[in-house]
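Here it is, written out as structure tokens:
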């Protein structure tokens, strides 16, 4: 049982480049989330999805795009990388319901130079 | 989203109990109180959650005040592996998980 899998684990991007951070879960969860965590700070919600075809903005969506074409996958796209996007990115998933547990991936450490 | 307030940091001796407080004075009747922790260089992991009654599981206990405006996460016997940042989160009807800055717990050998 893999849980939430994020790829890649590490990436260095040049300013202006694009990339997609991959997230996949094998628990048939409805809800999926993308967070970023800057050094010494808490997690900030970028985007979330309550099911395939449905996405919504979180606290810090600017500079990012998402799509959810399947239940399992929730990729995060950076179109024009900026140094301010240097961060650790975490994907999470859960079943529907305020009492359910969320599962997190191990993170992608992104550096934009 | 309803907010929580936690101390920035706490220290505890190894093998002693640890009480991590959380204030959530604006909690609504349908908010669940969740606790997650983040070990160094890892993603957050679920610890425990509750609504009104105190809860116990293999990792910890959660004590919820009668008015629900505060709660306490209790680690019964802290080990070095419990050193982490602990987040108290209110999960509401729209079911987003909004993180604060958490409490950094240091365990002293």
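Protein chains in written order, with our numbering: chain B, 122 to 234; chain D, 7 to 115. Glycine is no exception: its CB is placed at the ideal position from the N, C-alpha and C atoms.
Query, Result
"Any chain D beta carbon closer than 8 Å to residue 217 of chain B", "yes"
"Interface partners of residue 166 of chain B on chain D, CB under 9 Å", "102, 103, 104 and 105"
"Proximity of residue 232 of chain B and residue 133 of chain B at Cβ, strictly below 8 Å", "yes"
"6 Å CB neighbourhood of residue 180 of chain B in its chain, flanking five on each side removed", "165 and 166"
"Euclidean distance between Cα positions of residue 187 of chain B and residue 160 of chain B", "24 Å"
"Residues that DSSP places opposite residue 178 of chain B in a beta bridge", "B:168"
"Any C-beta of chain B under 8 Å from that of residue 50 of chain D", "yes"
"Minimum Cβ-Cβ distance from residue 35 of chain D to chain B less than 8 Å", "no"
"Spatial distance of residue 183 of chain B from residue 200 of chain B (CA atoms)", "11 Å"
"For residue 88 of chain D and residue 79 of chain D, the rounded distance between their alpha carbons", "13 Å"
"Near-chain D residues of the segment 152-186 of chain B - C-beta to any C-beta below 8 Å", "152, 154, 156, 162, 163, 164, 165, 166, 169, 171, 179 and 180"
"Per-residue burial, residue 25 of chain D [other beta carbons within 10 Å of its own, 16 or more giving buried]", "exposed"
"Three-state secondary structure (DSSP) of residue 115 of chain D", "coil"
"Spatial distance of residue 177 of chain B from residue 169 of chain B (CA atoms)", "6 Å"
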